[in-house]
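Take the position in the sequence shown, starting the count at 1, then add 8; the result is the number in the working numbering. The C-beta atom is built at its ideal place from N, Cα and C for all residues, glycine as well. Input: a single structure, listed below in structure tokens.
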Amino acid sequence: MNVKVNFNGTLVEDARLSVFDHGFLFGDSVYEVVSTHRGRPCFLPEHLRRLRQSAEGIHLDLPFEDSWLKNELGRTLEAGGFPESYIRIVVTRGEGEIDIDPSSCGRPNVLIYVTAPKGYPLEYYEKGINVAMVSVKRNWRESLNPGIKTGNYLNNVLAKMEANRMGAQDAMMLNVSGCLTECTTSNLFWVREGSVFTPSLSCGILAGITRDAVIKLAGENGFPMEEGEWPAEILDKAQEVFLTGTIKKIMPVTRLDGKPVGDGRTGPVTRRLMRLYDDLLNRFYGSEPS
Ligand code: PDD
């Protein structure tokens with residue numbers, strides 16, 4: 009695997025995290041995934057803001073200023089030298105005793121991974137994917153708030169495994185009240201009669217940065233947009249469904265549990281938003297390689 013790793017400010021060839029790090033022992037960490045466009049990190053201020061909010065959410069003091077992280081990220085991107093990069097920033101609770109209590113932990117460990125993005129097959133964007141409604145429920149907000157991007161992703165891992173068993177490309181999860189939430193690494197949208205709908209943050213979801221951008225784009229381009237709490241059956245009436253995320257961007261869903269959504273093809277509103285999102289990235293990050 010060709011991955012550059014920056015470990016606490018040092019570029020290391022063979023990075024090793026302690027077996028006593030609570031990030032490893034208890035999933036006690038926070039993280040962000042950032043993509044690049046024309047080689048430049050997208051929405052970096054938004055990702056750094058969310059990283060800080062996540063750290064606050066688990067009472068973890070980040071041991072750096074944003075300027076330090078930006079600088080280290082720049083160095084790591086340069087060392088990677090990929091035309092486009094997948095960036096993962098992880099901050100763990102640090103090394104401590106083999107005890108759930110984090111008070112024995114020393115300094116948090118800060119890791120920046122840079123590698124070539126794996127991406128998704130073009131076919132997924134043209135024909136859409138199949139998403140399964142899984143039995144695994146999204147973590148309840150009062151248990152482990154999905155709005156905090158922690159490294160504790162077992163909830164989503166189990167959902168993804170269930171989707172794999174069902175022959176689907178991703179899993180859609182309900183919350184414990186039976187309302188739609190999100191997929192394993194993306195937010196959910198659907199379209200009906202030209203209006204765009206998405207579960208509200210109160211359902212227990214990550215406040216996706218792509219989700220935010222799409223909500224703004226929909227508003228600016230005359231698509232009525234509604235956020236709310238809805239049961240799964242609402243999707244029976246959806247004409248289009250799509251997912252949003254840093255890596256996926258906007259991905260059409262043309263089958264739910266193997267059954268076609270609308271006419272089973274990527275719909276016009278999804279296509280329009282996909283185009284608008286690409287335009288936005290080109291506008292913000294330049295349409296020529298930097
Ligand atoms: N995941 N919901 C969940 C559970 C996520 O993990 C993600 C992002 C999103 C979309 O958020 P954003 O638009 O800010 O990427 C929604 C990243 C990509 C990941 O963990 O790989």
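D220 - containing alpha helix (DSSP H), residue span: Element bounds for D220: I217 to E228.
The beta strand (DSSP E) that contains E190, what's its start and end? Per DSSP, E190 is one residue of the beta strand (DSSP E) stretching across L188 to C191.
Quick one: what does DSSP say G253 is sitting in, helix, strand or coil? Note: G253 maps to strand in three-state DSSP.
Provide the residue(s) that pair with E103 in DSSP beta bridges, ordered along the chain. Paired residues: D29.
Could you check what DSSP says for R149 in three-state terms: helix, strand or coil? DSSP, reduced to helix, strand and coil, places R149 outside both helices and strands of the structure shown, so it counts as coil.
Is it buried or exposed for P260, if we count other Cβ within 10 angstroms and need 16 for buried? By the neighbour-count rule (16 or more Cβ atoms within 10 Å), P260 is buried.
Since G38 and I66 should fall inside the 8 Å C-beta cutoff, what is the C-beta to C-beta distance between them, to a whole number of angstroms? It should be noted that the sequence gives Val, not Gly, for residue 38. At roughly 6 Å, the Cβ-Cβ gap stays under 8 Å, so V38 and I66 are in contact.
For C123: DSSP bridge partner residues: What sits at residue 123 in the sequence shown is Thr, not Cys. Under DSSP, T123 forms a beta bridge with V11 and Y94.
Distance between P125 and H30 (C-alpha atoms, nearest Å): Just so you know, the alpha carbons of H30 and P125 end up roughly 28 Å apart.
Is DSSP giving S298 helix, strand or coil here? Residue placement at S298 is flagged as unreliable, the pLDDT there being 44, under the threshold of 50; a coordinate-derived value is accordingly withheld.
Proximity of T262 and G127 at Cβ, strictly below 8 Å: Here T262 is not near G127, since their CB atoms are 8 Å or more apart.
Relative to the C-alpha of E86, which residue among V199, E237 and L19 is closest? Nearest option by C-alpha distance: L19.
List the residues that DSSP assigns as beta-bridge partners of F205. Per DSSP, W198 and E234.
Residue from L152, K267 and E40 with nearest C-alpha to E54: Here the closest residue by C-alpha is E40.
Pick out whichever of I217, F34 and N147 has its Cα sitting closest to the Cα of I108. The shortest Cα separation from I108 among I217, F34 and N147 belongs to F34.
For a test of your reading of the model: does the CB of L214 fall under 7 Å from any non-hydrogen atom of the ligand PDD? Yes or no. Result yes, Cβ under 7 Å from the ligand PDD.
C-alpha distance - I97 paired with G186, whole-angstrom precision: Approximately 32 Å between the Cα atoms of the pair.
In the DSSP assignment, the alpha helix (DSSP H) including A140 goes from what residue to what residue? A140 -> not in any alpha helix (DSSP H); beta strand (DSSP E) instead, spanning I137 to M141.
Report buried or exposed for S93, applying the criterion of at least 16 other Cβ atoms within 10 angstroms of its Cβ. By the Cβ-count criterion, S93 is buried, with 16 or more other Cβ atoms from all chains shown falling within 10 Å of its own Cβ.
State yes or no: is the C-beta of V38 nearer than 7 Å to some heavy atom of the ligand PDD? Checking every heavy atom of the ligand PDD against the Cβ of V38, none is found closer than 7 Å.
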